[in-house]
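> Structure provided below as structure tokens; questions to follow.
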Amino acid sequence: MEFGSDNNAGTAPAILDAVVACNAGPAPSYGNDPIMDRVRESIRAIFEAPQAEVFLVATGTAANALAIASFCPPWGAVYAHEDAHAEVDECGAPEFYSGGAKIKLVPGEDGKMTPEGLARRIAATGQGDVHSVQRGMVTLTNVTEAGSVYSAGEVAAICKVAKDFGLPVHLDGARFANALVADGSTPAEMTWKAGVDVLSFGGTKNGCMGVEAVVLFDPSRTWEFALRRKRGGHLFSKHRYLSAQMDAYLEGGHWLALARHANDMAARLEAGLRALPEVAFAFPRDANIQFVTMPRRLHARAMKAGAHYYLMPHGTPLEGAPEERLLCRLVTSWATTAEEVDGFLACLRG
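Residues -6 to 343 in the numbering used here are what the sequence shown lists, from first letter to last.
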């Protein structure tokens, strides 16, 4: 009963098969493999963006940090939600790769910033004052760290504020497929049509072994990103193993099917949890992540039966007052089964 993270799931069989298949014989290195050519054209078609440039890296932190660094100068401010992955889970990588850009935090309920909150934060920056960081860019996360989803309309509203101030927008889409399936919009509507300039398009959390695509809807940053990827140590020599993953991920809409399953399992889990009187939801469940509170004794019972998930904040002890309510995060993945969900719910019901 694995609900700890979608990172904990294995690699989807079709993607693993593609990695094995690409291993036969030699192939051009450093992203010049023919599979990468196919990936580039697939992403352009999926996003209705023939001008887009596409780069692959192995981790989400690399994708986010290099994307931000390519759009924000060292003296710039990056406006992000206070719980954004770029702020709380990337060990200062965006600041490091950008050469010192400062993340300015925007509050907002359910993990989402509002256009009004963003506008206030940007306006408060000392633009034109040599003693202050200057307005740099906006980054937003979809799915958010709270498990909520920005609709395409909400993304557009955030982007409008950014554009009113002349700022580019980065979308951290580590779970982009889950957000897209939940919202029902098209990839283009969720990104460049809404005003997004650069996307971190996730694969690792959704069935890939380890690959993320950085999609530049503004191709003027192409050469800078290429140099930053190389200088930062993220240009793979045996690049075909990244290309093969992304190619199989995209083939026939596989990426959407994997995300749809993860979201469906989350919906099944949510329905069961809402039927339990001792369980309360901390945030809305929009995609494949949900946060709930319940008495410590229920957590202890579930974990003793083999359930794996995280109490929040990390490090919260399982030992203690049995009736104390503890927050937990439950994540479903492409590999979650209905049997796992039903078994977990049965355990909580006792």
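Beta carbons: idealized from backbone N, C-alpha and C, even for Gly.
1) What are the start and end residues of the alpha helix (DSSP H) that includes residue 340?
2) Just checking, does the stretch 173 to 183 make contact with the stretch 19 to 33 on the three C-beta pairs under 8 Å criterion?
3) Which residues in the same chain as residue 194 place their Cβ atom closer than 7 Å to its Cβ, once the five residues preceding and following it in sequence are excluded?
4) Take residue 237 and list the residues in its own chain whose beta-carbon comes closer than 6 Å to its own, dropping the five residues that flank it on each side.
5) Let me confirm a value: residue 292 is counted as buried when at least 16 other C-beta atoms fall within 10 Å, else exposed. Which label applies?
6) Just to confirm the assignment, what range does the alpha helix (DSSP H) spanning residue 296 have?
7) Would you kindly report the start and end of the unbroken beta strand (DSSP E) that includes residue 166?
8) Measure the Cβ-Cβ separation of residue 50 and residue 222 and say whether it is below 8 Å.
9) Does the separation of the CB atoms of residue 47 and residue 33 fall below 8 Å?
10) Can you name the start and end residues of the alpha helix (DSSP H) that residue 394 belongs to?
11) From residue 7 to residue 68, what does the alpha carbon distance come to, in whole angstroms?
12) Give me, in chain order, the residues of the same chain whose beta-carbon lies closer than 6 Å to that of residue 104; leave out the 5 immediate sequence neighbours on both sides.
13) Below 8 Å on the Cβ atoms is my contact criterion, and I expect residue 255 with residue 82 to pass it. Report the Cβ-Cβ distance as a whole number of Å.
14) Name the DSSP bridge partner or partners of residue 206?
15) Quickly, what does DSSP pair residue 134 with across the bridge? List them, please.
16) Following the continuous alpha helix (DSSP H) through residue 145, name the residue where it begins and the one where it ends.
17) From 98, 62, 110, 106, pick the residue whose C-alpha is nearest to that of residue 92; which is it?
18) Please report the Cβ distance between residue 74 and residue 99, rounded to the nearest whole angstrom; I am assuming they are in contact, meaning their Cβ atoms lie under 8 Å.
19) What residue from -4, 181, 158, 259 has the CA that sits closest to residue 40's CA?
20) Can you tell me which of 272, 243, 278 puts its alpha carbon nearest to the alpha carbon of residue 260?
21) Spatial neighbours of residue 212 within its chain, please: CB distance less than 6 Å, with the 5 preceding and 5 following residues excluded, ordered by chain position.
22) Measuring CA to CA, which of 35, 58, 270 is closest to residue 342?
23) Which same chain residues, not among the five before or five after residue 263, have their C-beta less than 7 Å away from its C-beta?
24) Nearest to residue 301 by alpha carbon, out of 161, 275, 340?
25) Would you kindly work out how many angstroms separate the C-alpha atoms of residue 60 and residue 133, rounded to a whole number?
26) In the DSSP assignment, the alpha helix (DSSP H) including residue 12 goes from what residue to what residue?
27) Would you report the Cα separation of residue 202 and residue 329, rounded to the nearest angstrom?
Working from what's here:
1) Annotation for residue 340: the continuous alpha helix (DSSP H) segment containing it runs 331 to 342.
2) Between the stretch 173 to 183 and the stretch 19 to 33 there are fewer than three C-beta pairs closer than 8 Å, too few to call the two in contact.
3) Hits under 7 Å: 166, 169, 205, 206, 208.
4) Listed in chain order, the non-local C-beta contacts of residue 237 below 6 Å within the same chain comprise 11, 12, 15, 28, local neighbours out to five positions each way being set aside.
5) Within 10 angstroms of the beta-carbon of residue 292 lie 16 or more other beta-carbons, which makes it buried.
6) Per DSSP, residue 296 is one residue of the alpha helix (DSSP H) stretching across 289 to 297.
7) For residue 166, the enclosing beta strand (DSSP E) has its first and last residue at 162 to 166.
8) Cβ distance < 8 Å, so residue 50 and residue 222 count as in contact.
9) For residue 47 and residue 33, yes; Cβs fall inside 8 Å.
10) Since the first residue shown for the chain is -6 and the last is 343, residue 394 is missing from the structure and cannot be characterised.
11) Each residue's Cα considered, the two are about 44 Å apart.
12) For residue 104, where only same-chain residues beyond five positions count, the Cβ hits under 6 Å are 76, 137, 138, 139, 141.
13) Rounded to whole angstroms, the Cβ separation of residue 255 and residue 82 is 20 Å, and the two are not in contact under 8 Å.
14) Its beta-bridge partners are 49, 194.
15) Beta-bridge pairing links residue 134 to 165.
16) Per DSSP, the unbroken alpha helix (DSSP H) holding residue 145 starts and ends at 145 to 157.
17) It is 62.
18) Confirmed, Cβ separation roughly 6 Å.
19) Measuring from the Cα of residue 40, the nearest candidate turns out to be 181.
20) Nearest option by C-alpha distance: 278.
21) Once the five neighbours on either side are set aside, the close Cβ partners of residue 212 are 44, 46.
22) Answer by Cα proximity: 270.
23) Excluding positions up to five away in sequence, the list reads 278, 283.
24) When each option's Cα is compared against that of residue 301, the closest is 340.
25) Rounded to whole angstroms, the separation of the alpha carbons of residue 133 and residue 60 is 12 Å.
26) 6 to 14 is the extent of the alpha helix (DSSP H) around residue 12.
27) Using only the alpha carbons, I get a separation of about 16 Å.
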